[in-house]
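Let me begin by presenting the structure, written as structure tokens, before commenting on it.
Structure follows, in structure tokens:
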């Protein structure tokens, strides 16, 4: 049976050699595909055309950085303003205002060289939420203190 197959294959090659070799060439071409997913994507995904006018991209990048810097500086100023109201000392005798400002400064310095916009946005949102929560707690405690003082005055 194998001999018959070889005989028919030899006959097919002799009758249509060009078609047989084209088929072999196609097989090699298919097997020489990309080795990694990155190579596959590089071959088949449309790449962004590089513009000759890169100044537009540079301007957009600077605007994004400038707006982020503005937001960060605004948050830092909000923290400094909010800490003015924390005028009592902690257990070590240091004013809470100074402790909070030092912690804020340390956190801003740690995140200073962060480049990922998502992380920066998350930090900004978290910072604004923390400042607002601290001020809300302060207002609540002040209201409780005022109510307590009024109750003490009414007793007298």
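Numbering (UniProt numbering), first residue to last: 1 to 156.
Every residue, glycine too, gets a C-beta built ideally from N, C-alpha and C.
Taking the alpha-carbon of residue i as reference, which of the options has the nearest alpha-carbon?
i           : options             : result
residue 95  : 101, 125 and 87     : 87
residue 72  : 137, 139 and 109    : 109
residue 62  : 132, 115 and 130    : 115
residue 103 : 80, 129, 143 and 60 : 80
residue 68  : 134, 111 and 136    : 111
Report all residues from its chain with a CB closer than 6 Å to the CB of residue i; omit the five preceding and five following residues, and keep chain order.
i          : result
residue 83 : 97, 100 and 101
residue 41 : none
residue 78 : 131
Name the one or two DSSP bridge partners that residue i has.
i          : result
residue 95 : 89
Quick one: what's got a C-beta closer than 8 Å to residue i's C-beta in the same chain, skipping five residues either side?
i           : result
residue 141 : none
Let me know the secondary structure DSSP gives residue i once reduced to three states.
i           : result
residue 45  : coil
residue 156 : coil
residue 140 : helix
residue 113 : coil
residue 81  : helix
residue 36  : coil
Spatial neighbours of residue i within its chain, please: CB distance less than 7 Å, with the 5 preceding and 5 following residues excluded, ordered by chain position.
i           : result
residue 85  : 138
residue 144 : none
residue 128 : 75
- At least 3 beta-carbon pairs within less than 8 Å: the segment 149-156 vs the segment 118-131: no
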